[in-house]
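In the numbering used here, the protein residues as written are 106 to 353.
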């Protein structure tokens, strides 16, 4: 990041490069979207200090995201959930609707753990969320996790966020959406919803890790979901798991 950043304009710091993140020495390309200059500059400095991460652009508002993504082709976007002109939810939807490119992974940034915008963004395709007061280590780890194709799920915070939202929702749970799944796939889905890794699920169900991966892939395919984050959302919305984490 440069110390002469114009706070009112999108900022590109390197040309778009070909290749996948982490492949052949290519850095993970990150864009930061937040209306607070201190967040953009602070997060940018922390990430640019990593040998495998490069901040390629920043913006102060969600309305600038689509053009910035088209120019910089990031692997990961750090997106503030609440911005004055276009919030993180609508910006996430806009990015996911962009044709003709591999969609970047989106991490929602929030100052509190019960942000309804964040839940809706998870439904729209965000890969997870991060509290703005997270440690530098957590920030760097989050970028690497989502760049590797995983979802950023905290067992305590993410489940609380989704469960709280589900409890406030006026729509009753609809278990029929899970009808294509086998009993074993439901077991796996329930454990994914409590933010357990494939290795942890394999140990609990006495399966190989590869078998768990196969079940997760089938769940995604049968339900038309993008990633593990959307599995979590679907598990709560369908009533497969409740706020306490128990299967209903």
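Backbone N, C-alpha and C fix where the C-beta goes; we use that ideal spot for every residue, glycine too.
Short CB-CB distance (under 8 Å) between residue i and chain D
i: residue 320; result: Absence of chain D from the displayed structure is noted, only one protein chain being present.
Candidates the options: closest to residue i by CA position
i: residue 135; options: 327, 215, 245, 205; result: 245
i: residue 240; options: 342, 147, 140, 345; result: 147
i: residue 280; options: 199, 132, 341, 150; result: 341
i: residue 193; options: 209, 162, 139, 155; result: 139
i: residue 248; options: 290, 155, 141, 344; result: 155
i: residue 290; options: 313, 321, 339; result: 321
i: residue 316; options: 222, 251, 293, 334; result: 293
i: residue 172; options: 151, 149, 206; result: 206
i: residue 250; options: 174, 323, 182, 190; result: 182
i: residue 236; options: 174, 217, 153; result: 217
i: residue 157; options: 131, 164, 174; result: 131
Chain-order list of residues whose beta-carbon lies under 7 Å from that of residue i (same chain, five-residue window excluded)
i: residue 197; result: 184, 211, 226, 229, 230, 231
i: residue 304; result: 314
i: residue 188; result: 140, 166, 167
i: residue 343; result: 278, 279, 280, 282, 283
i: residue 149; result: 106, 137, 160, 163
Where residue i falls, given that 16 or more other Cβ within 10 Å makes a residue buried
i: residue 143; result: exposed
i: residue 361; result: Not covered by the structure: residue 361. The range shown for the chain is 106 to 353.
i: residue 169; result: buried
i: residue 285; result: exposed
i: residue 254; result: exposed
i: residue 329; result: exposed
i: residue 308; result: exposed
Sheet register partners of residue i (DSSP bridge)
i: residue 164; result: 138
i: residue 368; result: Since the displayed the chain opens at 106 and closes at 353, residue 368 lies outside it and no answer follows.
i: residue 233; result: 212, 257
i: residue 103; result: Residue 103 lies beyond the residue range present for the chain, which begins at 106 and ends at 353; the question has no answer from this structure.
Contacts around residue i, its chain only, beta-carbon distance under 8 Å, and the 5 residues preceding and following it disregarded
i: residue 49; result: Since the displayed the chain opens at 106 and closes at 353, residue 49 lies outside it and no answer follows.
i: residue 186; result: 192, 193, 194, 213, 214, 215, 220, 222, 223, 226, 234
i: residue 327; result: 285, 286, 290
i: residue 318; result: 303
i: residue 243; result: 235
i: residue 238; result: 216
i: residue 190; result: 166, 167, 168
i: residue 175; result: 203, 206
i: residue 331; result: 230, 325
i: residue 295; result: 340, 345, 346, 352
Neighbourhood of residue i by C-beta distance below 6 Å, restricted to the same chain and skipping five residues each side
i: residue 109; result: Legend: pLDDT at residue 109 = 39, less than 50; position of this residue unreliable, value from coordinates given subsequently. If we look at residue 109 and ignore the five residues flanking it on each side, it has no Cβ neighbours.
i: residue 152; result: 135, 158, 160
i: residue 298; result: 337, 340, 346
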